[in-house]
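Comments concern the structure below.
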DNA sequence: TATTGTTATACTCTATAACTATA
DNA sequence: TATAGTTATAGAGTATAACAATA
């Protein structure tokens, strides 16, 4: 650690390679937001891979669990995706028996989506992963700053 | 706005569609980090599109400007990408005359990357966009919380 | 006419592995 | 043997436009 710091002072990393200067990027919220999100996503990805699911499936399964009978369009809208982007995702979840797709009687254009028992089981395991992930994040952020950090993230989502 | 709130209380949005419940997602840092990053990225995308560049090119051009003569591998490493991912990016920037690629005399395997005059000009315009973007973010975050928010984002980048 | 979901298609970004030319 | 960069290839995720069925 002492060696690493000494090396940095001379513009080198511990590995002996020239240090890269980030210039104004280092202080920009936009850039650091992206880097932080990538790191957190990657970390969650590792955890969810242990149970054979991609992180993207987690939000979809949760939204279906929280909104039984939701349509594909409403699901896409909630996640900020086009309905055509949902088709292959739902195809995959239905094919693997995690989601049931049933035509609505009221409006026969729409499907009503629900989790199967297997889907609920997978979601429970993914949720356990997510909780571990959140605990890791909490340790990094600090319990006192968590609420404030979350509030700021929510405000940024409304940027325009 | 009042109508929207009243509608929400009844579980409907202003548009009359059923509101979607986000359940535990609403309070998870990981999910909100992703949503915030997507929103901010989209907003910057709009600004940079006005000058005909994608957001991804901005970080690349900045890193080259800050580290004249940097190699493609070092560039990829700094951005957390594989060297093979850099090839098409650099091909594009060189083809459009923004970056100059010259073989190093010391090590004839590596290229030394530098901005051309056109590249410096494009970067200056992108930087102006980024400054506007940062000002928008600052207004949302609040000047008093900015430093703390940035510090937290940097800590999250080291999650593992 | 408008909407739900599918299809065809394409684009962006990314990675792995095999290759070349150098070291 | 190891490294810098390229190529071939593939995969995930997303979007637009046109379409069929239904409203």
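Residue numbers (the working numbering), protein chains in the order written: chain A, 18 to 177; chain B, 18 to 177.
Heads up, the beta-carbon is just placed ideally off N, CA and C, and yes, glycines get one too.
- Under the Cβ criterion (8 Å, minimum of three pairs), the segment 53-62 of chain A does not count as touching the segment 82-96 of chain A.
- Residue 109 (chain B) and residue 115 (chain B) have their C-alpha atoms spaced approximately 9 Å apart.
- In this structure, the alpha-carbon of residue 101 (chain B) lies about 25 Å from that of residue 47 (chain A).
- Not a single C-beta of chain B is nearer than 8 Å to the C-beta of residue 73 (chain A).
- Only 53, 54, 55, 56, 57, 58, 59, 60, 61, 63 and 72 from the segment 53-73 of chain A bring a Cβ to less than 9 Å from some Cβ of chain B.
- If you draw a straight line from the Cα of residue 148 (chain B) to the Cα of residue 75 (chain B), it is about 12 Å long.
- Contact annotation: the segment 115-130 of chain A does not touch the segment 147-167 of chain A, with fewer than three C-beta pairs closer than 8 Å.
- Between residue 96 (chain A) and residue 107 (chain A), the C-beta gap is not smaller than 8 Å, which leaves the two residues out of contact.
- One alpha carbon belongs to residue 61 (chain B), the other to residue 140 (chain B), and they sit about 14 Å apart.
- Its Cα nearest to that of residue 65 (chain A), the residue A:150 stands out among A:150, A:128 and A:37.
- Between residue 37 (chain B) and residue 131 (chain A), the gap from beta carbon to beta carbon reaches 8 Å or more.
- Residue 123 (chain B) has a beta carbon lying at 8 Å or more from every beta carbon in chain A.
- Close to residue 129 (chain A), with beta-carbon spacing below 7 Å, lies no residue of chain B; the smallest spacing is near 12 Å.
- Taking CB atoms only, residue 89 (chain A) has no neighbour in chain B less than 8 Å away.
- If you ignore the 5 residues before and after residue 57 (chain B), its C-beta comes within less than 7 Å of the C-beta of 154, all in its own chain and listed in chain order.
- A Cβ-Cβ separation of about 6 Å places residue 157 (chain B) in contact with residue 176 (chain A) under the 8 Å criterion.
- Your pair residue 137 (chain A) and residue 82 (chain A) checks out as a contact, with CB atoms roughly 7 Å apart and the cut at 8 Å.
- If you ignore the 5 residues before and after residue 99 (chain B), its C-beta comes within less than 8 Å of the C-beta of 93, all in its own chain and listed in chain order.
- Residue 118 (chain A): member of the beta strand (DSSP E) spanning 116-120, first to last residue.
- Residues of chain A with a Cβ closer than 7 Å to the Cβ of residue 50 (chain B) are, in chain order, 53, 54, 57 and 170.
- Contacts with chain B at 8 Å (Cβ-Cβ) include residue 41 (chain A).
- In the DSSP assignment, residue 131 (chain B) falls outside any alpha helix (DSSP H) and lies within the beta strand (DSSP E) extending over 128-132.
- With contacts defined as CB atoms closer than 8 Å, residue 78 (chain B) and residue 49 (chain A) fail to qualify as a contacting pair.
- Between residue 161 (chain B) and chain A, the shortest Cβ-Cβ separation is not below 8 Å.
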